[in-house]
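One structure is given below, encoded as structure tokens.
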Amino acid sequence: MQFDFVWTLLISLGLTVMLEIAFALIFKVRRTYDLILVIVVNIITNPAVVLLNYLLLRHTDVPQLLIVLILEAAAVLVEGIYYKRYAEKVRRPFLFSLGANAFSYTIGFILSKIVF
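Counting with this note's numbering, you get residues 870 to 985 for the letters of the sequence shown.
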């Protein structure tokens, strides 16, 4: 079980980073610094979101949709703050964060339904 969860964390992080880099490139984020920032903010937020989602689903009666909405909103906020403070050429950092997270979550959700 422990190995499976670590594997889940790694797959989630890898997929999220790939999708959010793709999103950034689609929206013309080209500076290497900003693309590295996309990776760093996801290393900061993704494992925490996945772990908290797992723990809250397992140990509370809070509906999954509410957990996901709260955790994703927190990730958007934290990532938006990082983009606003540190990005060189990311216009509208909070909107960028919302779009990147919506894109990666939606694609990840679809893939999880196909694979599992």
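Cβ coordinates follow ideal geometry from the N, Cα and C atoms, glycine included. Quick caveat, the model's predicted, so the values are computed rather than measured.
Only counting runs of 4 or more residues, tell me where the alpha helix (DSSP H) segments fall wholly within the stretch 889–972, in order along the chain. 901–928, 933–955
Ala944 versus Asn915 - alpha carbon distance: For the purposes of this step, residue 944 is identified with residue 75 of the sequence shown, where counting begins at 1. For the purposes of this step, residue 915 is identified with residue 46 of the sequence shown, where counting begins at 1. Straight-line Cα distance between these residues: approximately 8 angstroms.
List the whole-angstrom C-beta distance separating Phe892 from Ala942, where the pair is believed to meet the contact cut-off of C-beta under 8 angstroms. What you label residue 892 is simply residue 23 of the sequence shown in a count that begins at 1. What you label residue 942 is simply residue 73 of the sequence shown in a count that begins at 1. Between Ala942 and Phe892 the Cβ distance is about 18 angstroms, and since that is not below 8 angstroms, they are no contact.
Round the Cβ separation of Gln824 and Leu926 to the nearest angstrom and send it over; I've been treating them as touching at under 8 angstroms. The structure shown does not extend to residue 824, since the chain is modelled only from 870 to 985, so the question has no answer here.
According to DSSP, simplified to helix, strand and coil, what is Phe872? Position 3 of the sequence shown, counted from the start, is the residue given in the question as residue 872. Helix at Phe872.
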